[in-house]
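All remarks here apply to the structure that follows.
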Amino acid sequence: MKKLVLLFLFPISLFAQQPSCDILIRNGKVIDGTGNNWFYGDIAVKDGKIIDMGRQINFSSAKTIDATGLIIAPGFIDVHTHLEEDESKDPMAQSFIYDGVTTCITGNCGASNTDIGKYLHWIDSVKLSINIATLIGHNDVRKAVMGRANRDATAEEQQRMDAIVDKAMKDGAVGLSTGLIYIPGTYTKTPEIISLAKQAAKYNGVYATHMRDEGDSVTNAIEEALTIGREAKIPVEISHFKLSGQQNWGRSKETVALIKKAREDGVEVTIDQYPYTASSTSISTLIPDEILADGQDSIKARLQRPEIKKYVISEMLRKLKKRRLKHFSYAVVAFHRADTTYNGKNIEEINLLKGRKHKAKAEAETVIDIMIAGGASAVFHGMSEDDVKRIMQYPFNMFASDASIRILNAGMPHPRGYGTNARVLGKYVREEKVISMEEAIRRMTSLPAQKFQLHDRGLLREGYAADIVIFDEKEVKDISTFEKPHAYSRGFHYVLVNGVLTIDKEKHTGSRAGIALRGPGYDQ
Ligand SMILES: [Zn+2]
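Numbering of the sequence shown is given in our numbering, commencing with residue 65 and proceeding in unit increments.
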């Protein structure tokens with residue numbers, strides 16, 4: 065009897081058709097994005113999805129990737145990017161792909177397209193190498209209705225702004241963003257934002273904020289974000305969580321405690337950071353806010369008036385003193401269109417090159433000259449490593465580049481646009497052991513997917529989109545530096561986006577399989 069069964073089964077197992085897949089990944093260390101330990105395993109990908117995974121699976125496939133010695137993880141989700149207008153400059157999105165990023169959430173810091181439906185259709189038509197989701201940006205909504213007016217919205221204006229956000233959510237935005245240090249965000253009071261956040265909350269969106277202050281008044285700014293979360297009943301994401309200004313170093317103890325306490329009290333708040341001790345923004349942040357209203361012509365006219373110039377210089381010197389600094393060397397010009405020889409030099413250096421006195425007052429004048437000549441983007445070396453690490457150890461902190469798609473050799477941008485994830489995995493996981501590999505990957509994958517409701521991404525699971533990175537944990541490294549920013553990260557041997565091989569043996573294949581991802585309010 066036994067013999068008969070064996071005889072019967074043997075031929076079937078021999079000749080039964082092996083299931084087929086498009087790409088079979090074999091024998092890697094699978095880190096699935098949950099935060100659980102790695103295990104040795106295989107993954108089968110077909111029609112853009114993960115169709116099977118396990119310790120050993122049996123598939124025939126057109127392409128097999130031997131992942132021996134490599135980590136297999138879900139593609140990274142960068143929750144804080146600024147892609148606007150850069151999508152078509154490099155649709156291969158190499159600065160992201162080479163850093164393991166397969167999905168970007170853009171429209172941050174209050175800046176986005178206001179017609180989200182049109183934008184997402186355009187994204188689908190451009191065909192990028194990465195997936196894109198977007199927030200609707202408050203500053204652009206306000207500008208569309210009120211221009212750069214420095215006042216409260218009227219009831220009618222508020223209604224119009226609410227309607228834009230409502231429509232954006234139906235068109236597929238994943239939430240609302242604010243940039244409250246930028247014009248006209250600085251002019252906006254909390255109730256206006258609560259009203260807009262309520263629109264996003266109706267469609268299960270998120271409220272992502274570049275807060276009003278990340279320095280001396282950071283705790284007030286966190287309280288404002290939490291108030292908006294409570295009042296509008298909306299999940300809060302605090303963007304690029306940091307402590308700016310030497311006088312505030314060490315205060316991450318206080319600010320991370322505030323976040324923990326808010327969660328204990330039932331506020332659904334999470335944070336993100338870029339793993340660097342320098343920030344990057346407009347040089348105009350050195351100038352008092354009230355000077356910056358109404359566009360470049362007005363700014364220029366104001367700064368040329370002697371009494372205003374005198375006031376601006378005194379304010380700049382007061383703030384410098386507060387930072388306990390004698391020079392503006394912590395501010396480095398990244399890109400100044402009017403004179404590109406400034407790019408990469410700090411204000412102290414530029415001031416000396418102009419033949420001016422080696423005094424902070426003369427440096428303040430140099431900044432004003434740069435503003436009059438059209439302004440500049442800048443990198444500010446103003447954070448402490450201890451704060452960066454303390455924020456990193458908070459379990460509900462994600463990593464984000466706060467960057468656009470970098471164009472190789474254009475300007476002197478912040479290196480975070482090239483190296484954020486590789487830096488976390490190389491410097492902070494492998495070298496300094498600040499957090500574990502599994503934990504870092506969870507923060508790059510399932511945590512952002514859960515927060516921004518990207519339901520079929522962020523985990524290695526059957527049925528999930530096949531956004532997959534395969535990298536060498538011993539090699540992974542950010543190469544981009546402040547001095548030489550234009551360099552892709554290393555260590556990512558293979559990257560799949562929607563099941564399409566986009567990095568093959570560390571080289572971009574040219575594939576552009578990314579799609580627009582629409583939020584929970586999207587009307588079919
Ligand atoms: Zn920002």
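Glycine included, C-beta positions come from ideal geometry on N, C-alpha and C. Predicted model only: the values in this text are computed from it and were never measured.
Query: Residue range of the beta strand (DSSP E) that includes Q82; Result: Q82 -> no beta strand (DSSP E), and no H or E assigned at all.
Query: Contact test: H274 Cβ vs ligand 1 heavy atom, cutoff 6 angstroms; Result: yes
Query: Range of the contiguous beta strand (DSSP E) that encloses E140; Result: Before going further, note that residue 140 is Phe rather than Glu in the sequence given. From DSSP, the beta strand (DSSP E) with F140 extends over 140-142.
Query: DSSP state of D150 mapped onto helix, strand, coil; Result: coil
Query: Reduced DSSP category for R507 - H, G, I as helix; E, B as strand; rest coil; Result: helix
Query: Three-way DSSP call (helix, strand, coil) for A440 in this model; Result: coil
Query: C-beta atoms of N485 and G99 nearer than 7 angstroms; Result: no
Query: Strand pairing of Q622, partner residues [DSSP]; Result: Only positions 65 to 588 of the chain appear in the structure, and residue 622 is not among them; the question remains open.
Query: Beta-carbon contacts of V209 that lie in its chain and below 8 angstroms, excluding the five residues immediately before and after; Result: A217, E221, R224, M225, I228
Query: Close Cβ partners of D531 (< 8 angstroms) along its chain, the five nearest in sequence each way excluded; Result: P138, G139, T166, T167, N195, R521, L560, V561, N562
Query: Residue closest to G309, alpha-carbon to alpha-carbon, out of E318, R387, E287; Result: R387
Query: Per-residue burial, K253 [other beta carbons within 10 Å of its own, 16 or more giving buried]; Result: exposed
Query: Alpha-carbon spacing of P75 relative to C85, whole angstroms; Result: Below a pLDDT of 50, predicted positions are generally treated as unreliable, and P75, at 48, falls in that range; the measurement from the model is reported next regardless. Answer to the nearest angstrom: the Cα atoms are 23 angstroms apart.
Query: As assigned by DSSP and simplified to three states, the class of A229; Result: According to the sequence provided, residue 229 is Val. The question's Ala does not apply to it. It is helical.
Query: Same chain only: Cβ atoms within 8 angstroms of L523, ignoring 5 sequence neighbours per side; Result: D96, G97, T98, P138, T509, S510, A513
Query: Candidates S448, T404, K306, E427: closest to A474 by CA position; Result: T404
Query: Closest Cα partner of K541 within the set F556, N122, L472, C173; Result: F556
Query: Sufficient close CB pairs (3 or more, under 8 angstroms) joining the region 366-375 to the region 411-422; Result: no
Query: E301 (DSSP reduced to helix, strand or coil); Result: strand
Query: Pick from N284, A326, N203, F103 that is closest to L260, judged by C-alpha positions; Result: N203
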